[in-house]
Amino acid sequence: MARMIHILNGPNLNLLGKREPEIYGAETLEDVAQGCAALGKELGLETELFQSNHEGEIVEMIHRAREEAAGIIINPAAYTHTSVAILDALNAYEGPVLEVHISNVHKRESFRHHSYVSQRAEGVIAGFGVQGYSLALRRMAVLLG
Ligand code: DQA
């Protein structure tokens, strides 16, 4: 059976494609889900993509991943910069964690420069647009061997 990777997305990413396209691009989260599913097949990985606008729900998604996923790719969106609860949940997860940001957060406002999640992530991708998700998936395949 192919190993399962959960791709978790935080607030406002349901609006991807419509929201500030000059920053986040024209592709939707559904496009990301489909692209990752197709690439996952090539890499021998199964992928499931989730999105929530609620911090507690993201914590619960991470708890579910403890039972179901060999690795987590996460774009916590604004919670990246605020959420100790998401960091704690990720610290309770045993597999590899990769952090993705569509935009280059380091080129933006200073409040986006700090990430709680980066303390836990094996690697961070920022500023590669939605291509960051497929790059993270390729890296995940290497990490899982
Ligand atoms: C983001 C960057 C965050 O600062 C922002 O709050 C987001 C999206 C990104 O993917 O570039 O919602 O995580």
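For reference, each letter of the sequence shown is one residue, going 5 to 149 in our numbering.
Backbone N, C-alpha and C define an ideal beta-carbon position, used for all residues, glycine too.
- With a cut-off of 6 angstroms, the C-beta of H117 is classified as distant from ligand 1, since no heavy atom of the ligand falls inside that distance.
- Looking from the CA of R143, the closest CA among T86, G127, P80, N57 belongs to G127.
- By the neighbour-count definition (other C-beta atoms within 10 Å, threshold 16), P25 is an exposed residue.
- Between the stretch 11 to 26 and the stretch 67 to 86 there are three or more C-beta pairs closer than 8 angstroms, enough to call the two in contact.
- Here Q55 is bridged, per DSSP, to N13.
- Residues whose Cβ lies closer than 7 angstroms to any heavy atom of ligand 1, listed in chain order: G14, P15, N16, L17, Y28, N79, P80, A81, A82, T84, H85, V104, H105, I106, S107, V109, R112, R116, A130.
- Between the C-alpha atoms of D92 and G149 there is a straight-line separation of about 26 angstroms.
- Nearest C-alpha to D35 among I62, M8, K22: K22.
- When C-alpha distances from A30 are compared across Q135, M8, M65, the shortest belongs to Q135.
- Excluding residues up to 5 positions away in sequence, I11, T51, L53, Y137, S138, L141 lie with their Cβ nearer than 7 angstroms to the Cβ of C40 in the same chain.
- In the assembly as shown, E103 is a buried residue. Its beta-carbon has 16 or more other beta-carbons within 10 Å.
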